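Read the structure below first, then the notes.
Protein chains: 2
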Amino acid sequence: MKNYARLEKQFQRLSRLSHAETFLSWDQQVMMPPGGAEGRAEALAELSGLRHELLTAAMLGDCFEAARSESLSPDQQANLHEMRRHWKQAICLPADLVEARSLAASRCENDWRRQRSENDWDGFLPRFEHLVALVREEAHARLAASEEAKTPYDALLELYAPGESNAFISEVFADLKQQLPPLIQTISDDQKTHPQVSLEGSYDLGAQQQLSRQVMRILGFDFNAGRLDVSTHPFSTGVRGDHRITTRYRGSDFLDALMATVHETGHASYEAGLPAEWSHQPLGQARSMSIHESQSLLFEKQLFLSPSFIQYLTPQLHEAFPALQTHDWRSLWSAMTRVQPDYIRVEADEVTYPMHIVLRYEIESDLINGKIEARDIPDLWNEKMLGYLGLSTEGDFRNGCLQDIHWPSGAFGYFPTYTLGALNAAQLFHAIRRDLPELDECLLSGDTVPLRRWLQTHIWSHGCRLSTPDLMQQATGETTSAAYFLQHIRRRYLNQ
Amino acid sequence: MKNYARLEKQFQRLSRLSHAETFLSWDQQVMMPPGGAEGRAEALAELSGLRHELLTAAMLGDCFEAARSESLSPDQQANLHEMRRHWKQAICLPADLVEARSLAASRCENDWRRQRSENDWDGFLPRFEHLVALVREEAHARLAASEEAKTPYDALLELYAPGESNAFISEVFADLKQQLPPLIQTISDDQKTHPQVSLEGSYDLGAQQQLSRQVMRILGFDFNAGRLDVSTHPFSTGVRGDHRITTRYRGSDFLDALMATVHETGHASYEAGLPAEWSHQPLGQARSMSIHESQSLLFEKQLFLSPSFIQYLTPQLHEAFPALQTHDWRSLWSAMTRVQPDYIRVEADEVTYPMHIVLRYEIESDLINGKIEARDIPDLWNEKMLGYLGLSTEGDFRNGCLQDIHWPSGAFGYFPTYTLGALNAAQLFHAIRRDLPELDECLLSGDTVPLRRWLQTHIWSHGCRLSTPDLMQQATGETTSAAYFLQHIRRRYLNQ
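Just so you know, the sequences run in chain order A and B.
So the first sequence is residues 1 to 496, counted in my numbering.
So the second sequence is residues 1001 to 1496, counted in my numbering.
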């Protein structure tokens, strides 16, 4: 196993460089003063260039070839498979395309920040068309090098969600398209018959911060191996032993920061549970973004928003914010589970959110596969928003197709992972309930240990040993399906 | 200038890797939870290894040779000189010596932490003797490769204070040895005749932090290009545009944090004033540790502790800590300038501090030059402490030769830069007074702009264009001398 060993050593170096990039990026978003921006961008570009050099070093190709005939343990074989996947993704693009694409994305994203606020689709379109042309070129190059992708969009999906496909996602999303819009209607109508609870108020930032830390501890976060900080957009990053999550506090709304904290704690818990002995190798990394998002959404939507957990937490909420003492747990819970179709994805509730994603998925996969053009997007957006959520975005690009950073920054193939994550979360939580009949009792007393132990066994400890479909299959008995999510929505919102 | 350009490009890459190491180390000391230690150490070792690879790449030797005959500007020539100096320092040691020395230092330092608290010199000696043998070997290898060093100790000095020498330091320190001990005696005797003011009390940590930031702003620190944080030992680090300093707050003593903040602000101001256009090249770096320390000590001992500045600051101290209102500025100033011979260097006042350094310098240079052995240290320490400060350390290793981290960690040649810095600070402040007759008026109103402008012109903006002696010469009219420091002490403490 001389060649395998050489590959492992090279990927260990890559992992250490990646450690540097991880914490320099964290610092950039959390600590760095404005004056540091230029130097930091240069240092990050240098590291990323060095990593690319190491990953595409000529000797690696021969090592991969030779390592196939070496005698390897099953874990080593799985690691070899993952190393090879990363390597192929790195070598399949010509350097000039990588550079042109990166430049086009920077420019398009940069202009978009202004154009979005000015509702300027016509100004946005030319640079975006140029970016789309280059991303299509990238997708075709990746498709040619891929052993599994069948469409150009498939080849981009492999970057974020290896194991998912255009065809499979369309099939799963078809169920959502069919069943969710009428459900949204029924739920909204039903909620209108109840008095609406508002939690708007004035919430001390220190108390919010303390509550976030308290809830993280309840969820099993180890502050000897991680931190909670503040950033404009909440995120989660880090390495084994040092997991960093962020949130942001608003004086008028304690839920915003708290839910973000819980969401990011889900991400961090997954990372902390990955196989320690493989932490410097591809095998020891998170499986895919659709599994990653399933962990954050399981913590946020399934665990935290379960009536049992809110019931447990209510005395602590009352203590943190005495003004809330006029609300019992039912009243708090009903305020936290309000459903309302609206324009902006990131503010959507769990019931309407998937329709925002179905819309984006349909548009971006047709765009990358060459079935529609960039100029067609606003009309398609309006048409689909009317159909799925009953809202018109005609002429309103700011709250329509210009709202997200993903497309202007060149990230196509990422959107579906949000909703695949939500479906996986519901499906996993269903399996957990099946395996742990005492779950509700545990949550009523704030005991999250059995739930985390289940996730550790069935998801976290596997790293990249199994593909996403196989991982879901062994954990729940079937691959990703919309059925459990739809069942969850019906139960939670319609008592069905 | 093809070869010079290649060298510049390589040093730019090195500078970007060094950026990564800078902020990862900052994070390690300021932010990182304990669980991150192992991964961080590995990542830092990887980066340092990569930097060593880039700096010792075979092609560089030819480039240096060929670049000599290229047509270069004076700045480029100076940069070439500095690049070559760094390169020679990197290539002159055999790899197995570097590794053996690094291992011996880690082990010795690690054991020392326990041995110091247990006053265990006998336990310390064997590993320390092994380390000293390797450091001597290092010094001889560096001496063989050096164009200027005349003694093995000279060759180590070049790492921290290029331009200083064993012979020159001995000459300058001779004046201190002769004049300082009787001065210390006179000042202590004199201070005993005045009532002693104690500032011990209870100081709100939030108010201390606010005061630190306020004083940093007065000293010209730009928070858009830097941060103040907390760490166990105060330090200063960063890059152009992002200067990070730390301090630590104690409830019973506001001066400790404040003086550390001022000291580190001096370091950061020097870094911020280095030539911007050379920030990624050796020419754009700080000249030496003896110049660096002159800037921090100029800010701390000359500027901050000047009666004019304390007079200006007193109302702000009263506002921050109302309990101080019983003290007028004279009373505060006299508490801040108490002189008292004591055992511990880091707690020493500015008058006794140099004798701690003279003692260490004499011992470490004789040790490296082979004139004494490690086992001789405790007796020499005791003898010199008695002679210089009138204190016996017989049998008390903890408060004697085991007190500092420098020797157990293998850092020989660093100690003299503290006192060379103090001498340079006094000499520069004397020149500033000469050039700015309005200086006291400015300090009385908290205006530090003219002083900083002077330092910018005479020190900061030069980077490594001039050697340390030339830099001091052009700024003050002569090279480093003990005269101005001794004059400063006589004026401040004896009104002479």
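All C-beta atoms in this analysis are idealised placements derived from N, C-alpha and C, irrespective of residue type, glycine included.
Only a predicted model underlies this, so the values are computations on that prediction, with no experimental measurement involved.
Those residues which DSSP pairs with residue i across a bridge
i: A/Gly238; result: A/His243
i: A/Arg250; result: A/Asp253
Rounded separation between residue i and residue j - CA only
i: B/Tyr1153; j: B/Gly1400; result: 22 Å
i: A/Gln427; j: B/Gln1028; result: 40 Å
i: B/Lys1009; j: B/Phe1064; result: 13 Å
i: A/Pro378; j: A/Leu125; result: 11 Å
i: B/Glu996; j: B/Ala1286; result: Nothing about residue 996 of chain B can be reported from this structure: the residues present for chain B run from 1001 to 1496 only.
i: B/Pro1450; j: B/Phe1223; result: 20 Å
i: B/Pro1307; j: B/Leu1332; result: 10 Å
i: A/Ala431; j: A/Leu298; result: 12 Å
i: B/Pro1074; j: B/Ile1091; result: 26 Å
i: A/Ser269; j: A/Asp204; result: 27 Å
i: B/Ala1141; j: B/Val1239; result: 32 Å
i: B/Arg1465; j: A/Thr237; result: 42 Å
i: A/Gly446; j: A/His462; result: 26 Å
i: A/Leu455; j: B/Glu1158; result: 56 Å
i: A/Thr56; j: A/Arg127; result: 30 Å
i: A/Gln208; j: B/Asp1376; result: 60 Å
i: A/Ser481; j: B/Glu1264; result: 59 Å
i: B/His1356; j: B/Tyr1343; result: 9 Å
i: B/Gln1295; j: B/His1458; result: 12 Å
i: A/Arg453; j: A/Pro416; result: 28 Å
Per-residue contacts from residue i into chain A (C-beta, under 7 Å)
i: B/Arg1338; result: Correct list: empty, because the minimum Cβ distance to chain A is about 37 Å.
i: B/Gly1039; result: His19, Val239, Arg240, Gly241, Asp242
i: B/Phe1023; result: Leu24, Asp27
i: B/Ala1043; result: Arg16, His19, Ala20
Chain A residues whose Cβ lies nearer than 8 Å to that of residue i
i: B/Pro1034; result: Asn224, Ala225
i: B/Asp1120; result: The contacting residues do not exist; B/Asp1120 stays about 30 Å from chain A at best.
i: B/Arg1013; result: Glu46
i: B/Met1472; result: Chain A residues near B/Met1472: none, gap ~30 Å exceeds 8 Å.
For residue i, the three-state DSSP class (helix, strand or coil)
i: A/Gly266; result: helix
i: B/Gly1410; result: coil
i: B/Val1230; result: strand
i: B/Arg1465; result: coil
i: A/Asp189; result: helix
i: B/Lys1371; result: coil
i: A/Ala348; result: coil
i: B/Asn1399; result: coil
i: A/Val339; result: coil
i: A/Lys150; result: coil
i: A/Arg136; result: helix
i: B/Gly1220; result: coil
i: A/Ser290; result: helix
Beta-carbon neighbours of residue i, restricted to chain B and to distances below 9 Å
i: A/Met59; result: The premise fails here: A/Met59 is roughly 16 Å from chain B at the closest Cβ pair, so nothing lies under 9 Å.
i: A/Met216; result: Under the 9 Å cutoff, chain B gives no residues; its nearest Cβ is about 13 Å from A/Met216.
Chain-ordered chain A contacts of residue i [CB-CB under 9 Å]
i: B/Leu1007; result: Neighbours of B/Leu1007 on chain A: none; closest Cβ ~17 Å, over 9 Å.
i: B/Met1083; result: What B/Met1083 touches in chain A: nothing, since even the nearest Cβ is about 18 Å away.
i: B/Arg1213; result: The premise fails here: B/Arg1213 is roughly 13 Å from chain A at the closest Cβ pair, so nothing lies under 9 Å.
Interface partners of residue i on chain B, CB under 7 Å
i: A/Glu441; result: Under the 7 Å cutoff, chain B gives no residues; its nearest Cβ is about 32 Å from A/Glu441.
i: A/Leu47; result: Ala1020
ask   = What residues in the region 1221-1250 of chain B bring their beta carbon closer than 9 Å to a beta carbon of chain D?
value = Of the chains in the structure shown, none is chain D; the protein chains are A and B.
message = Short of 7 Å Cβ to Cβ, which residues in the region 1390-1406 of chain B face chain A?
response = Answer set for the region 1390-1406 of chain B: empty.
request  = Quick one: which residues of the region 1340-1356 of chain B get their C-beta closer than 9 Å to a C-beta of chain A? List them in chain order.
outcome  = Residues of the region 1340-1356 of chain B that bring their beta carbon within less than 9 Å of a beta carbon in chain A are absent altogether.
request  = Residues of the region 90-117 of chain A with a CB closer than 9 Å to any CB of chain B: list them in chain order, please.
outcome  = For the region 90-117 of chain A, no residue has a beta-carbon sitting nearer than 9 Å to a beta-carbon of chain B.
Interfacial residues, the region 258-289 of chain A to chain B, with Cβ spacing under 7 Å = Under the 7 Å Cβ criterion, the region 258-289 of chain A contributes no residue.
query = Going along the region 374-390 of chain A in order, which residues come within less than 7 Å of chain B, judged by CB to CB distance?
reply = For the region 374-390 of chain A, the beta-carbon criterion of a distance under 7 Å to any beta-carbon of chain B is satisfied by none of its residues.
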